[in-house]
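The structure appears below as structure tokens.
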Amino acid sequence: MNEKQSKKERAPINISISDLERAFRKVEEFQKLIDKGKTPEEIFDDLVNLITIKDDAD
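Going from the sequence shown to my numbering is simple: count from 1 and add 701.
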């Protein structure tokens, strides 16, 4: 019963139209990469490489 009570107390998730449009654009970009022959794993690896911070000071 505590689980049901805690679910009722959660705040609603507000999503704007721009959030939906951005999500659809990302899906379209992902689908284009798949159509070009990339695997989901390759796409993920590319994204990780983009956000990886490389320490060039050494």
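Each residue gets a CB set at the ideal place from its N, CA and C atoms; glycine is no exception.
Asked: So, at 8 angstroms on beta carbons, what are the nonlocal neighbours of ILE752 in its own chain, with the 5 sequence-adjacent residues on each side left out?; Found: none
Asked: Please report the straight-line C-alpha distance between MET702 and ILE714, rounded to a whole angstrom.; Found: Low per-residue confidence applies at MET702: pLDDT is 48, beneath 50, and the placement is therefore not dependable enough to give any value.
Asked: Taking the straight line between their C-alpha atoms, what separation do you get for GLU743 and ASN750?; Found: 10 angstroms
Asked: Indicate the three-state DSSP secondary structure (helix, strand or coil) for GLU722 in the structure shown.; Found: helix
Asked: What's the C-alpha gap between ILE716 and GLY738?; Found: 32 angstroms
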